[in-house]
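S.K.: Below is one structure. I have some questions about it.
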Amino acid sequence: MACDNCDRNLDRPGRVIGVTPDLKRCAICGDDLGENRTYIAQVIKPRIVNRWDSYFHSICETVASKSPCLSRKIGAILVLDKSIISTGYNGPPRGIPHCGKERWIADDNLRKGILVLNNIERRFHTECPRKILGYESGTHMELCPAQHAEENCVSNAARLGVSVYGSTLYMNCIIPCKNCLGTLINAGIIEIVVDDIAIYDSLSKFIIDNSNIHIRKFEL
Numbered sequence: 030m031a032c033d034n035c036d037r038n039l040d041r042p043g044r045v046i047g048v049t050p051d052l053k054r055c056a057i058c059g060d061d062l063g064e065n066r067t068y069i070a071q072v073i074k075p076r077i078v079n080r081w082d083s084y085f086h087s088i089c090e091t092v093a094s095k096s097p098c099l100s101r102k103i104g105a106i107l108v109l110d111k112s113i114i115s116t117g118y119n120g121p122p123r124g125i126p127h128c129g130k131e132r133w134i135a136d137d138n139l140r141k142g143i144l145v146l147n148n149i150e151r152r153f154h155t156e157c158p159r160k161i162l163g164y165e166s167g168t169h170m171e172l173c174p175a176q177h178a179e180e181n182c183v184s185n186a187a188r189l190g191v192s193v194y195g196s197t198l199y200m201n202c203i204i205p206c207k208n209c210l211g212t213l214i215n216a217g218i219i220e221i222v223v224d225d226i227a228i229y230d231s232l233s234k235f236i237i238d239n240s241n242i243h244i245r246k247f248e249l
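Take 30 as the starting number for the sequence shown in my numbering and just add one per residue.
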């Protein structure tokens, strides 16, 4: 059955049709294109999945599942010569309870005001305090006891005396914030692989533009 890409009824001079490398079949549905047709053939090569990227991304997702964060779960791994040398997820320092467990908020006066005025104390068990207050993602981090996944990843390596110099950081998130970028650059990480090429703010872009660190998107 012909698809919109190869439907003969849609033929017109200058029409572009995606074809297989042998120029005989539709690249979308695989139908034989036949003869005596008016179109421009454009070979569509099959997308090649980077198997290492796929492998490391799946591990990032597994590491992220350990995060106690009530906002979003992020996992990061450091890789050197195709071997994982450290992992980390977003969460508070070792031994420190996360916000949902203790209904914690940094400013005690603000917390009392929330409890008295809005009667939403019960929501602190299951929701991010910053989201309850209506703050945008990445803002008012003084209310969050957690460290970012990439920061914990570097810290875990340091704790065990493992050098991360020359390694690649993989994480299921966008480009790290300015603070984490500084940590990664100073630690000697040479490449960052992320879900999406997006940045938090202009300062993060400034740091990237003036560093030698390479940033790319997962090839999945």
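Virtual Cβ for every residue (Gly too), placed ideally from N, Cα, C.
1. Drop a sphere of 10 angstroms on the beta-carbon of arginine 159, count the other beta-carbons inside from all chains shown, and report buried for 16 or more, exposed for fewer.
2. Near valine 145, what residues of its chain come up, given a Cβ to Cβ distance below 7 Å and the 5 sequence neighbours on each side ignored?
3. Could you pull out every residue in the same chain whose Cβ sits closer than 7 Å to the Cβ of leucine 109, ignoring the five residues on either side in sequence?
4. Just to confirm the assignment, what range does the alpha helix (DSSP H) spanning glycine 211 have?
5. Using the rule of at least 16 other Cβ atoms within 10 Å of the residue's Cβ for burial, across every protein chain shown, is alanine 198 buried or exposed?
6. Is there contact here, the region 84-98 with the region 183-193, by at least three beta-carbon pairs under 8 Å?
7. Between which two residues does the alpha helix (DSSP H) holding arginine 245 run?
8. Tell me where the beta strand (DSSP E) around serine 112 begins and ends.
9. With a CB to CB cut of under 8 Å and the five nearest residues on each side skipped, what residues in its chain are close to isoleucine 237?
10. Should the region 83-92 be regarded as contacting the region 102-116, the criterion being three or more beta carbon pairs within less than 8 Å?
11. For alanine 93, is the classification buried or exposed, using 16 other Cβ atoms within 10 angstroms of its Cβ as the cut-off for buried?
12. Please report the residue range of the alpha helix (DSSP H) in which alanine 56 lies.
13. Kindly list the residues whose CB is nearer than 8 Å to the CB of isoleucine 242, restricted to its own chain and excluding five residues on each side of it in sequence; keep chain order.
M.R.: The structure says:
1. buried
2. Any answer about valine 145 is weak, because its pLDDT of 44 lies below 50 and its placement is not dependable; what the coordinates show is given next. Hits under 7 Å: none found.
3. Gly195, Ser196
4. 207-216
5. Residue identity differs from the one stated: residue 198 is leucine in this sequence, not alanine. It counts as buried.
6. no
7. That residue, arginine 245, is in no alpha helix (DSSP H); its beta strand (DSSP E) goes 243-246.
8. 112-118
9. Ile204, Leu210, Ile228, Ile244
10. yes
11. buried
12. Taken as a continuous stretch (DSSP letters only), alanine 56 belongs to no alpha helix (DSSP H), as it is neither H nor E.
13. Leu210, Leu213, Ile214, Ile218, Ile219, Glu220, Ile221
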